[in-house]
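Below is one structure, written out as structure tokens, with a few remarks after it.
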Amino acid sequence: MKLTHNSHQSGFTLAEILTAMAIAVVIFAAIITASLAMQKSFNAVDHYFATHIQQVRIIDYLNRDVKRALICTTSVNQQTVTLTIPKYIIQSGDAEAVSNPSLVGAMRSPTISTTASGVQVNYGTATSTVVYSINGASILRTEDGVVTTIASSTDQLVPSTIDTDLANTEKTTMAVTFHPIFTSGNVADERTGTTVFSLAYLRNKRRG
Amino acid sequence: MKVSFTQNERGNVLLCAVCTIFVVSLIAANVLLNCTARYNQASNQVRSWNEALYAAESGADIAYNEVRKIASNPASAFGASNGWATSGTTYTSGTTTFGTNGLRTSQTVDLFYSDPTSGNAWYRIRSKGISPLQGLKRTGMDDRLSNGNRFAANGATRGDGDTLLRKIDFKYDHFTATYGPTGDGTNKAIVAVSPAPQLSRRIELIAAPVGPFDDVAIKVTGNFYGLGSAAYIDIYRSSAGPYDPSVKTNPSDPRYADSQSGTLPPPSWETSTETFTPMAERPQRKRSTFTAPSTTMCRLRWTRSQYRPTYLRLKPRPPI
């Protein structure tokens with residue numbers, strides 16, 4: 089049998105193979121490193137925006153409740169907010185609902201009363217108590233004992249609220265920050281950079 | 004034996020390249036999908052939710068403007084030519100569309116209270132603002148779908164996360180299904196929203212009558228002999244224009260005569276213990292003697308037939 093030699097079928101020398109392997113290793117290392125970095129960056133950005141959405145949600149929740157509240161009280165450490173809100177909608181157990189259950193869910197009509205401090209518009213006599221608080225990594229909203237988790241994040245969301253009494257009303261300033269998971273330097277500065285701020289006034293005359 | 008390479012063996016390289024591109028594309032698609040969902044929620048849904056409140060506030064201003072006409076030009080208040088329908092003491096507007104995003108608003112105004120002393124009417128303004136949902140017709144990534152009731156139109160618990168706060172009407176009007184079209188709990192129905200998903204928010208505010216003399220008071224201790232010749236009562240015809248404190252000391256003002264004597268009927272003087280009527284034409288010359296049992300606040304009060312109140316918007320009810 090005669091073997092024909094074809095230059096296209098010739099193999100590689102050891103030096104060629106080693107060189108090719110070295111180059112391949114470098115290339116694969118770069119690809120893997122870049123992939124991991126991209127994955128880490130993606131996770132960080134995803135967490136950032138997900139937490140930002142929760143920031144906005146906290147602000148919107150507080151804004152809505154503060155605007156319709158009669159009283160707003162913030163704890164000394166600015167971490168707990170207690171609001172007294174009229175019961176604008178007839179709820180189960182209210183006096184009207186006891187006498188006429190079909191009224192549950194109906195909007196309550198306002199009444200007018202004259203007090204020493206002027207005319208008051210009232211929506212029933214009972215009020216709801218809404219408390220915003222922090223429990224671990226979660227921000228809770230409790231309305232008449234019913235707890236709703238409005239935000240939960242491992243990024244250390246921290247709402248801070250200050251209420252200020254005015255002559256006939258009250259304003260509340262809110263700031264929500266979180267600690268992004270990609271940190272490269274000063275943690276305090278990075279948290280400050282995530283601040284979302286809002287200010288809301290009680291639209292009702294302050295009662296307390 | 005002759006060894007030769009076939010053309011088919013070159014396909015390995017192509018296959019590897021295609022697989023690599025496929026994997027990278029999957030990663031890129033995942034990134035884009037998440038970014039799009041986040042952007043859609045953080046930008047479009049939050050924006051529409053806030054715009055719905057702006058629309059409701061604008062609608063409240065429209066209705067409040069009509070209430071003010073009751074004082075300034077009653078004949079034109081809640082006119083049918085402006086799209087208002089009247090039923091007894093309830094006024095319902097048509098739908099106003101404005102803005103580049105197609106915001107809509109409609110209002111209902113009703114007389115819910117009459118002051119038993121003055122007869123002045125208090126009006127309640129209910130305004131509804133609607134903002135079409137911009138962007139994708141999609142819930143946010145934080146709104147889990149683990150419970151079949153979460154997105155039921157009339158479910159007790161509707162959604163998690165943002166959906167619990169911003170109740171988006173993707174397909175049906177949640178408010179009509181939960182509270183009824185007027186919010187009184189009647190006529191609840193599943194009504195499809197048209198033409199697109201929307202967010203609606205409602206506010207309520209009270210238009211309270213405010214007279215220019217409501218805060219006028221005279222503090223009386225012991226005997227009271229009237230205001231004396233050097234004093235005057237700042238009588239004022241509110242139907243002639245806004246209150247101007249300089250009128251009473253400005254003889255060139257056409258309303259000066261009203262402030263000095265005027266053609267207005269006499270006010271009634273109310274105290275906690277008794278009521279009497281001073282002289283009509285020139286109240287500053289009144290010499291009626293009133294013996295107050297103790298320190299008493301005397302308030303001047305005109306009845307509705309004698310002055311028209313202006314209206315002050317107050318006590319807005321926040322969105323639900």
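Chains as they are written, first to last, in this note's numbering: chain A, 89 to 296; chain B, 4 to 323. C-beta: ideal position from N, C-alpha, C; glycine also.
Cross-chain neighbours of residue i in chain B, by beta carbon under 8 Å
i      : result
A/V219 : Chain B residues near A/V219: none, gap ~17 Å exceeds 8 Å.
A/D251 : The contacting residues do not exist; A/D251 stays about 17 Å from chain B at best.
A/V207 : A211
Nonlocal neighbours in the same chain, by C-beta distance under 7 Å from residue i, ignoring five residues either side
i      : result
A/V209 : P198, I200
B/A199 : P135, L136
A/G275 : Residue identity check: residue 275 of chain A is Val in the sequence provided, not Gly. Around A/V275: H267.
B/S50  : First, the residue type needs correcting, since residue 50 of chain B is Arg and not Ser in the sequence shown. Result list for B/R50: Q137, in chain order.
A/I146 : I227, I238, A239, P247, V264
B/W52  : R169, L202
A/R196 : K175, Y176, I177, I178, Y211, G212
B/D256 : V250
Residue i: contacting residues in chain A (beta-carbon distance under 8 Å)
i      : result
B/Y116 : P198, T199, I200
B/D64  : In chain order: nothing, as chain A lies at least about 15 Å away.
B/D172 : Within chain A, no residue comes near B/D172; the closest Cβ sits about 18 Å away, beyond 8 Å.
B/L167 : T236, I238
Residues that residue i contacts on chain B, provided the C-beta gap is smaller than 9 Å
i      : result
A/H267 : Chain B residues near A/H267: none, gap ~19 Å exceeds 9 Å.
A/L191 : D187, G188
A/V284 : In chain order: nothing, as chain B lies at least about 11 Å away.
Contact list for residue i against chain A, beta-carbon separation under 7 Å
i      : result
B/Q44  : I141
B/R127 : P198
B/V49  : V144
B/D176 : By Cβ distance, chain A contributes nothing, its closest Cβ being about 15 Å from B/D176, past 7 Å.
Coarse secondary structure for residue i, derived from DSSP in three states
i      : result
B/N43  : helix
A/D253 : strand
A/F270 : coil
A/T217 : strand
B/P135 : strand
B/D256 : coil
A/V207 : strand
A/L171 : strand
B/P77  : helix
B/I209 : strand
A/S163 : coil
A/R196 : coil
A/L245 : coil
A/F290 : Residue identity check: residue 290 of chain A is Leu in the sequence provided, not Phe. Coil.
A/F285 : strand
A/F130 : helix
B/T92  : coil
B/N123 : coil
A/L158 : coil
B/A180 : helix
A/A118 : helix
B/V49  : helix
B/R204 : strand
B/R141 : coil
A/R295 : coil
Cβ neighbours of residue i in the same chain (closer than 6 Å, five flanking residues each side left out)
i      : result
A/K175 : G212, A214, S216
B/I73  : A80
A/S226 : T237, S240
A/R291 : K155
A/T252 : K259
Close Cβ partners of residue i (< 8 Å) along its chain, the five nearest in sequence each way excluded
i      : result
B/W125 : L114, F115, Y116, S117, D118, I209, A210, A211, P212
B/G62  : S96, T99, T108, S109, Q110, S130, K131, G132
A/T257 : Y289, L290, R291, N292, K293, R294
Chain-ordered chain A contacts of residue i [CB-CB under 9 Å]
i      : result
B/L139 : Neighbours of B/L139 on chain A: none; closest Cβ ~15 Å, over 9 Å.
B/T181 : G193
Contacts of residue i in chain E (Cβ-Cβ under 9 Å)
i      : result
A/A183 : Judged by its chain identifiers, the structure shown contains no chain E, and its protein chains are A and B.
Partner residues on chain B for residue i, Cβ-Cβ distance less than 7 Å
i      : result
A/V186 : Result: empty, since nearest Cβ-Cβ is about 15 Å, beyond 7 Å.
A/F130 : V34
Any non-hydrogen atom of the ligand ZN within 7 Å of residue i CB
i      : result
B/F178 : Although the ligand ZN was asked about, the structure shown includes no ligands whatsoever.
Original post:
Does the stretch 40-50 of chain B come close enough to the stretch 123-143 of chain A that 3 or more CB-CB pairs lie under 8 Å?
Top reply: Remark: three or more beta-carbon pairs, one from each stretch, lie closer than 8 Å, so the stretch 123-143 of chain A and the stretch 40-50 of chain B are flagged as touching.
Original post:
Hey, is the stretch 142-154 of chain A in contact with the stretch 189-197 of chain A, meaning 3+ C-beta pairs nearer than 8 Å?
Top reply: No: fewer than three Cβ pairs fall under 8 Å.
Original post:
Taking any Cβ of chain B, which residues in the stretch 141-153 of chain A have a Cβ under 7 Å from it, in chain order?
Top reply: Those residues of the stretch 141-153 of chain A that come within reach of chain B (Cβ to Cβ, closer than 7 Å) are I141, V144, R145, D148, Y149, R152.
Original post:
Of the residues that make up the stretch 25-43 of chain B, which ones have a beta carbon closer than 7 Å to any beta carbon in chain A?
Top reply: If the cut-off is 7 Å between Cβ atoms, the stretch 25-43 of chain B has V34, N37, R41 near chain A.
**OP:** Return the residues of the stretch 103-128 of chain A that lie within a Cβ-Cβ distance of less than 7 Å from chain B, sorted by chain order.
**Re:** Under the 7 Å Cβ criterion, the stretch 103-128 of chain A contributes no residue.
Original post:
Quick check: the stretch 22-34 of chain B against the stretch 97-105 of chain B, are there 3 or more CB pairs under 8 Å?
Top reply: Touching, no, given that fewer than three Cβ pairs across the two stretches are closer than 8 Å.
Subject >> Proximal residues, the stretch 192-215 of chain B versus chain A, C-beta separation under 7 Å >> reply: Taken in chain order, the members of the stretch 192-215 of chain B whose beta-carbon sits within less than 7 Å of a beta-carbon on chain A are I209, A211.
Original post:
Can at least three beta-carbon pairs, one atom from the stretch 185-198 of chain B and one from the stretch 167-176 of chain B, be found at a separation below 8 Å?
Top reply: Because the criterion of three Cβ pairs below 8 Å is met, the stretch 185-198 of chain B and the stretch 167-176 of chain B touch.
Original post:
For the stretch 229-248 of chain A, which residues have a beta carbon sitting closer than 8 Å to at least one beta carbon of chain B?
Top reply: Under the 8 Å Cβ criterion, the stretch 229-248 of chain A contributes T236, I238.
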